[in-house]
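Chemist: The following block contains the structure, expressed as structure tokens.
2 protein chains.
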Amino acid sequence: MDIAILGGTGKEGAGLGARWALAGHAILIGSRDAERAAAKAAELRERTGKPSITGHGNAEAARRGEIVVVALPATGLAATLPEAREACRGKVVVSTVVPLTFGGPRLFTPPPAGSSAEEVQALLPEARVVGAFHHIAAHELSATEHAIECDLLVCGADAAAKETAMELGRSMGLRPLDAGPLTNAGPVEGITAVLATINRRYKLKNSGIKITGP
Amino acid sequence: MDIAILGGTGKEGAGLGARWALAGHAILIGSRDAERAAAKAAELRERTGKPSITGHGNAEAARRGEIVVVALPATGLAATLPEAREACRGKVVVSTVVPLTFGGPRLFTPPPAGSSAEEVQALLPEARVVGAFHHIAAHELSATEHAIECDLLVCGADAAAKETAMELGRSMGLRPLDAGPLTNAGPVEGITAVLATINRRYKLKNSGIKITGP
Chain A
8 MDIAILGGTG KEGAGLGARW ALAGHAILIG SRDAERAAAK AAELRERTGK PSITGHGNAE
68 AARRGEIVVV ALPATGLAAT LPEAREACRG KVVVSTVVPL TFGGPRLFTP PPAGSSAEEV
128 QALLPEARVV GAFHHIAAHE LSATEHAIEC DLLVCGADAA AKETAMELGR SMGLRPLDAG
188 PLTNAGPVEG ITAVLATINR RYKLKNSGIK ITGP
Chain B
8 MDIAILGGTG KEGAGLGARW ALAGHAILIG SRDAERAAAK AAELRERTGK PSITGHGNAE
68 AARRGEIVVV ALPATGLAAT LPEAREACRG KVVVSTVVPL TFGGPRLFTP PPAGSSAEEV
128 QALLPEARVV GAFHHIAAHE LSATEHAIEC DLLVCGADAA AKETAMELGR SMGLRPLDAG
188 PLTNAGPVEG ITAVLATINR RYKLKNSGIK ITGP
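Residue numbers (the working numbering), protein chains in the order written: chain A, 8 to 221; chain B, 8 to 221.
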């Protein structure tokens with residue numbers, strides 16, 4: 008698969024790109040600044056030994072990708088996504104965005120839409136938006152030599168789009184679980200606030216979540 | 008400890024009461040209807056073989072308890088808690104309340120305060136409110152012969168109150184984790200929406216959550 012990662016120069020986006028490159032996918036790193044994207048792509052090619060990692064502007068990455076992953080900061084969606092709207096038409100778009108505000112009165116600060124994934128869907132109305140990969144610590148993604156101890160929670164309206172995201176998770180060794188419709192994205196994204204708090208309180212970098220039962 | 012459980016005739020409240028009675032605590036089941044509370048208390052005495060389980064009106068249970076557990080429906084807080092306000096002054100109050108709306112457009116429906124625990128704190132301003140025990144399936148609580156496969160996430164402003172809730176968790180074999188301030192109660196309560204969805208999709212009654220890392 009050709010996977011575009013908007014905001015792919017960030018820790019989470021770059022970590023996902025590295026894992027997927029190692030799993031055999033072609034990665035299109037997107038950034039506001041195409042030169043920064045190219046530099047990050049070169050760094051990831053070096054790190055993974057995989058040649059199929061390239062850098063582009065965000066909209067160009069979205070055009071070239073078969074799947075588009077949105078790994079932008081929560082506050083940057085409205086500025087960045089409209090230029091990618093046409094490129095995302097009909098495509099599976101995976102939002103990994105977490106609406107957290109550090110240093111404010113409240114860590115979890117979802118937008119009026121209810122969640123960042125729902126905001127992505129509102130900005131890309133013709134895309135098949137799925138929320139996933141919020142809980143996989145960047146620190147774990149970059150440590151590519153060991154397995155990630157975290158389940159993959161996937162939510163969205165489109166069952167086939169969810170299955171695509173689940174397959175992307177399996178390709179990096181994660182167990183995917185269907186966490187329901189996109190209206191569950193708020194609770195799914197909120198788990199990241201709990202994990203970030205636990206990381207701080209217990210001096211960790213890599214707390215994760217496992218669902219018991221299934 | 009003498010533990011009052013407001014809404015203790017419900018599945019979750021009664022399940023917690025049974026587990027705590029078996030751990031050696033005295034349980035005061037509270038209900039709007041003192042007779043229903045007395046009947047549930049008799050049933051739990053029979054089930055657990057523990058004599059120290061009694062039934063009362065909610066306000067009376069709150070007065071008698073050293074710790075007050077709020078296991079009411081999310082929509083019933085404003086109607087029930089004001090009459091218990093004086094009785095809860097200075098006490099540790101544990102909110103297990105989850106703001107879920109089944110059959111509507113959105114499962115997770117927190118109140119304007121941000122979470123049910125924050126609504127409890129607003130209604131009981133002199134109480135030391137903690138959010139906890141949202142994820143322990145009633146089905147698991149009632150199966151008192153086996154250990155519960157779920158971590159206990161505790162949030163709140165008062166460190167000593169949190170420690171009390173953590174100790175209540177340890178007394179039923181749970182591993183407690185500090186999930187931060189009461190402003191994290193929304194994300195903590197939201198996890199129940201994810202678990203309820205997974206229960207439905209995977210035909211389970213007892214999904215739970217484990218935090219990896221700590």
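Ideal placement from N, C-alpha and C gives every residue a C-beta, glycine not left out.
Nearest by alpha-carbon distance to B/A28: which of B/S59, B/T16, B/D40 is it?
Modeler: Ranking B/S59, B/T16, B/D40 by CA distance to the CA of B/A28 puts B/S59 first.
Chemist: Which of the three DSSP states, helix, strand or coil, is assigned to B/T204?
Modeler: helix
Chemist: Please work out which residues of its chain come closer than 8 Å, Cβ to Cβ, to A/A182, disregarding the five sequence neighbours upstream and downstream, and give them in chain order.
Modeler: One point to set straight first is that residue 182 of chain A is Arg, not Ala, in the sequence displayed. The answer, listed in chain order, is D158, L159, G176.
Chemist: Return the chain-ordered list of same chain residues with a C-beta closer than 8 Å to the C-beta of A/L184, the five sequence neighbours on each side being excluded.
Modeler: Result list for A/L184: D158, L159, L160, V161, I218, P221, in chain order.
Chemist: Since A/R135 sits in a beta bridge, which residues does DSSP pair it with?
Modeler: Secondary-structure assignment with DSSP links A/R135 through a beta bridge to A/V99.
Chemist: What do you get for B/K169, buried or exposed, if any count of 16 or more other CB atoms within 10 angstroms of its CB means buried?
Modeler: So B/K169 counts as buried.
Chemist: Using only the alpha-carbon positions, how far apart do A/T7 and B/P106 sit?
Modeler: Look at the range of chain A in this structure, 8 to 221, and you will see that residue 7 of chain A is not part of it.
Chemist: Taking a contact to mean a Cβ-Cβ separation below 8 Å, would you say B/T103 touches B/V77 in this structure?
Modeler: yes
Chemist: Is the shortest distance between the beta-carbon of B/V201 and the beta-carbons of chain A less than 8 Å?
Modeler: yes
Chemist: Could you tell me whether the stretch 50-58 of chain A touches the stretch 193-210 of chain A, using the rule of 3 or more Cβ pairs below 8 Å?
Modeler: Contact between the stretch 50-58 of chain A and the stretch 193-210 of chain A is not established, with fewer than three Cβ pairs separated by less than 8 Å.
Chemist: Could you tell me how far apart the beta carbons of B/E147 and B/N191 are, in whole angstroms, since I believe they sit closer than 8 Å?
Modeler: Incorrect: roughly 23 Å between the Cβ atoms, too far for contact.
Chemist: Output yes if chain A places a C-beta closer than 8 Å to the C-beta of B/I143; else output no.
Modeler: no
Chemist: Taking 8 Å as the CB-CB limit, is A/A167 close to chain B?
Modeler: no
Chemist: Using a Cβ-Cβ distance under 8 Å, would B/P183 count as near chain A?
Modeler: no
Chemist: If the cut-off is 9 Å on Cβ atoms, which residues from the stretch 90-102 of chain A count as contacting chain B, listed in chain order?
Modeler: none
Chemist: When you check each C-beta in the stretch 103-114 of chain B against every C-beta of chain A, which residues fall closer than 9 Å?
Modeler: P112, R113, L114
Chemist: Pull out every residue of the stretch 196-221 of chain B whose Cβ sits closer than 7 Å to any Cβ of chain A, in chain order.
Modeler: G197, I198, A200, V201, T204, I205, R208, Y209, L211, N213, S214, G215, I216, K217, I218, T219, G220, P221
Chemist: When the Cα of A/R96 is compared with those of A/P132, A/E19, A/T116, which residue comes out closest?
Modeler: A/P132
Chemist: Any chance the CB of A/A48 is under 7 Å from a heavy atom of the ligand SAM?
Modeler: The model depicted lacks the ligand SAM and carries no ligand whatsoever.
Chemist: Could you have a look at A/V127 and say whether DSSP puts it in helix, strand or coil?
Modeler: In this structure, A/V127 counts as helix in the three-state DSSP scheme.
Chemist: So, with DSSP's three-state summary, where would you put A/P188?
Modeler: For A/P188, the secondary structure class from DSSP, reduced to helix, strand or coil, is coil.
Chemist: Hey, does B/K186 have any beta-carbon neighbour from chain A nearer than 8 Å?
Modeler: According to the sequence displayed, residue 186 of chain B carries Ala and not Lys. So, interface residue.
Chemist: Evaluate A/E174 with the Cβ neighbour count: other Cβ atoms within 10 Å of its Cβ, from every protein chain shown; 16 or more gives buried, anything less gives exposed.
Modeler: exposed
Chemist: Under 7 Å Cβ to Cβ from A/A145, same chain only, skipping five residues before and after it: list those, please.
Modeler: K18, E19, G22
Chemist: Where DSSP assigns a beta bridge to A/S59, which residues make up the other side?
Modeler: According to DSSP, A/S59 bridges with nothing at all.
Chemist: Taking the alpha helix (DSSP H) that B/L29 belongs to, which residues open and close that run?
Modeler: For B/L29, the enclosing alpha helix (DSSP H) begins and ends at 18-29.
Chemist: Taking 8 Å as the threshold (beta carbon to beta carbon), is B/T61 in contact with chain A?
Modeler: no
Chemist: How far does the alpha helix (DSSP H) with A/S38 in it extend, from its first residue to its last?
Modeler: Premise fails: A/S38 lies in the beta strand (DSSP E), 33-38, not in any alpha helix (DSSP H).
Chemist: With H, G and I counted as helix, E and B as strand and the rest as coil, what does DSSP make of B/T82?
Modeler: helix
Chemist: Please classify B/A144: does DSSP put it in a helix, a strand, or coil?
Modeler: coil
Chemist: Between the stretch 120-148 of chain A and chain B, which residues of the former have a C-beta closer than 9 Å to a C-beta of the latter?
Modeler: G121, A144
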